[in-house]
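See below for the structure under consideration.
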């Protein structure tokens, strides 16, 4: 009897559990049917879930977007609007060539594009849902320029005016570094006075000072809590300011950089450079980039730490900037300033962040149109000043590659060393271990030896060798027995193939018949990564 009762109870318990599970599955299934075939609804649910980490505290946070303006911009049509690649229907070749020569980009096309043009919102989709502190500090925008083209300079100004909250933008300071173009004299003064005088001011330097000292001149004139430095051929994107400012309100010793997008020098197309990387350097002081860390990839809208800023576009509190001594005023023209500021920010207790939800487009010129100022190796001098003040024993790795730097007179660096001592700044060894900890993996201070050196013969015609001309063009030519530098190639430890002047064999795309060309070695593998078969001697 007891056995029967136990059996009955087990059976009833089984039925109850089965019914309960069935009910739960049915409800989940119903919910999935409700949303599962609706892609947009699923995306909204995903976004809503992710907001748990984006806006975990809504107190004192608001949406700073100007949606009305953004929607109006979406309706704009015309040449270059929406950041679309543009061309001129008819071309004055002489004028085109003349303007290209002095600007390094298609300035004739720029003049046909509105200075108020619309550009695409290419931020991560979650950026549209981000909220920021309701109380953000005001900003002073500092834009140095030397012989900038009139329309690109104005487009920089209008992009800031159009896409910045009025309550945050206190002033735009244009610093004319002794330009010689007539258009940048009275015509610019009249335009600013008649249209932008309420918020834009111009500082004119009587003598060419260079980018670094021009920025310092603008920073001294600024009256806001936050300084933002921009280049004079940029375009600020949607809601670019709040992501730069909020981290500084949490710690005034934080410097924040926007993502830098690309404005094509020929067509003015606006496009992403990538979706983020960490700034770095090699031991010749070429600016490099490191991949994002796994924890950075988890949160695509969250600002992430970066060892080195790109240099031209960043936000910093005026208090912190001047505590650090600003830029080293002994740095001439340009070069090395991003390393000097980056090193001392980190070593003296600050932080550099890149903000994915702040994006600014930048014209990367086809070539530098400005002549050398004729003051010697000013870049080498700058690099040595930075190395002697901030890099300690690691400076030797720079001198190992550039021995002539040792002979360059740095000038007086006493003040810079005093700043480091007075702020109790950490060693460069600390910086390399705690901030740029993975830099040495990609850019080792002492590089491993090259794998192979020699000629590259074709398989089907062994008498022909790859030949790199002085113009960095690749050809097939008859193999020579003499010491022909054009036919010397190096397979490095990174598995890239280099010429004598540090150009690398580069594949433009992944197609089978893709063209091989010479391009500056980027040390990133990818389209410059080659495999050498030791058995069959094939690349």
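Residue numbers (the UniProt record's numbering): 1 to 539. Note that beta-carbon positions come from the ideal geometry of N, C-alpha and C, so glycine has one too. All of these numbers come straight from a predicted model, not from anything done at the bench.
{"Check": "Thinking just about the alpha-carbon of each residue, which of 99, 247, 119 is nearest to the one in residue 301?", "Outcome": "247"}
{"Check": "Using DSSP with H/G/I as helix, E/B as strand and the rest coil, what is residue 56?", "Outcome": "Because the pLDDT of residue 56 is 44, which lies under 50, any placement of that residue in the model is unreliable, and the number read from its coordinates should be weighed accordingly. Reduced to three states, the DSSP call for residue 56 is coil."}
{"Check": "List the endpoints of the continuous beta strand (DSSP E) containing residue 358.", "Outcome": "351-363"}
{"Check": "Could you give the first and the last residue of the continuous beta strand (DSSP E) run that contains residue 234?", "Outcome": "234-236"}
{"Check": "What is the C-beta distance between residue 359 and residue 261, in whole angstroms, given that I count them as a contact (C-beta under 8 angstroms)?", "Outcome": "5 angstroms"}
{"Check": "Among 398, 82, 131, 524, which has the Cα closest to the Cα of residue 59?", "Outcome": "131"}
{"Check": "Between residue 116 and residue 142, what straight-line distance do the alpha-carbon atoms span, to the nearest angstrom?", "Outcome": "19 angstroms"}
{"Check": "Per DSSP, what kind of secondary structure is residue 479 in: helix, strand or coil?", "Outcome": "coil"}
{"Check": "I'd like to know whether the C-beta atoms of residue 237 and residue 181 end up nearer to each other than 7 angstroms.", "Outcome": "no"}
{"Check": "Residues in its own chain within less than 8 angstroms of residue 282 by CB, not counting five upstream and five downstream?", "Outcome": "288, 443, 523"}
{"Check": "Any idea what DSSP makes of residue 453, helix, strand or coil?", "Outcome": "strand"}
{"Check": "Are the beta-carbon atoms belonging to residue 425 and residue 345 less than 7 angstroms from one another?", "Outcome": "no"}
{"Check": "Within the same chain, show all residues whose beta-carbon is closer than 6 angstroms to that of residue 339, passing over the 5 residues directly before and after it, in chain order.", "Outcome": "386"}
{"Check": "The alpha helix (DSSP H) with residue 581 in it runs from where to where?", "Outcome": "Nothing can be reported for residue 581: it is not among the residues displayed for the chain, which extend from 1 to 539."}
{"Check": "Which residues does DSSP pair with residue 254 in a beta bridge?", "Outcome": "351"}
{"Check": "For residue 498 and residue 307, what's the separation of their Cα atoms in angstroms?", "Outcome": "28 angstroms"}
{"Check": "Relative to the C-alpha of residue 474, which candidate in 382, 292, 316, 519 has its C-alpha closest?", "Outcome": "519"}
{"Check": "Enumerate in chain order the residues of its own chain whose CB-to-CB distance from residue 381 is below 6 angstroms, with the five nearest sequence positions on each side excluded.", "Outcome": "408"}
{"Check": "Between which residues of its own chain and residue 192 is the CB-CB distance below 7 angstroms, once the five residues before and five after are set aside?", "Outcome": "200, 202"}
{"Check": "Does the beta-carbon of residue 467 have 16 or more other beta-carbons within 10 angstroms, so that it is buried, or is it exposed?", "Outcome": "buried"}
{"Check": "For residue 267, which residues in the same chain have their Cβ closer than 6 angstroms to its Cβ, ignoring the five residues on either side in sequence?", "Outcome": "85, 86"}
{"Check": "Measuring CA to CA, which of 243, 123, 263, 140 is closest to residue 257?", "Outcome": "243"}
{"Check": "Buried or exposed, going by whether 16 or more other CB atoms sit within 10 Å of the CB of residue 510?", "Outcome": "exposed"}
{"Check": "Return the chain-ordered list of same chain residues with a C-beta closer than 8 angstroms to the C-beta of residue 207, the five sequence neighbours on each side being excluded.", "Outcome": "178"}
{"Check": "Quick one: is residue 107 buried, meaning 16 or more other Cβ sit within 10 Å of its Cβ, or exposed?", "Outcome": "buried"}
{"Check": "What residue range does the alpha helix (DSSP H) around residue 145 cover?", "Outcome": "Run containing residue 145: none in the alpha helix (DSSP H); it sits in the beta strand (DSSP E), 139-145."}
{"Check": "Just how far apart, CA to CA, sit residue 321 and residue 398?", "Outcome": "27 angstroms"}
{"Check": "Go to residue 193, then tell me how far its alpha helix (DSSP H) extends in each direction, as first and last residue.", "Outcome": "No alpha helix (DSSP H) contains residue 193, which DSSP labels as neither H nor E."}
{"Check": "Checking 7 angstroms against the spacing of the C-beta atoms, do residue 227 and residue 219 come in under that value?", "Outcome": "yes"}
{"Check": "With the cut-off set at 7 angstroms, would you say residue 105 and residue 365 are in Cβ contact?", "Outcome": "yes"}
{"Check": "Cβ atoms of residue 363 and residue 265: under 7 angstroms apart, would you say?", "Outcome": "yes"}
{"Check": "Please work out which residues of its chain come closer than 6 angstroms, Cβ to Cβ, to residue 391, disregarding the five sequence neighbours upstream and downstream, and give them in chain order.", "Outcome": "428"}
{"Check": "Residue 133 bridges to which residues according to DSSP?", "Outcome": "61"}
{"Check": "Contact defined as beta carbons within less than 8 angstroms: I believe residue 528 pairs with residue 491. What is the distance between those atoms, to the nearest angstrom?", "Outcome": "At roughly 12 angstroms, the Cβ-Cβ gap does not stay under 8 angstroms, so residue 528 and residue 491 are not in contact."}
{"Check": "Between which two residues does the beta strand (DSSP E) holding residue 107 run?", "Outcome": "Taken as a continuous stretch (DSSP letters only), residue 107 belongs to no beta strand (DSSP E), being part of the alpha helix (DSSP H) at 107-112."}
{"Check": "Identify the residues that DSSP records as bridge partners of residue 517: which are they?", "Outcome": "506"}
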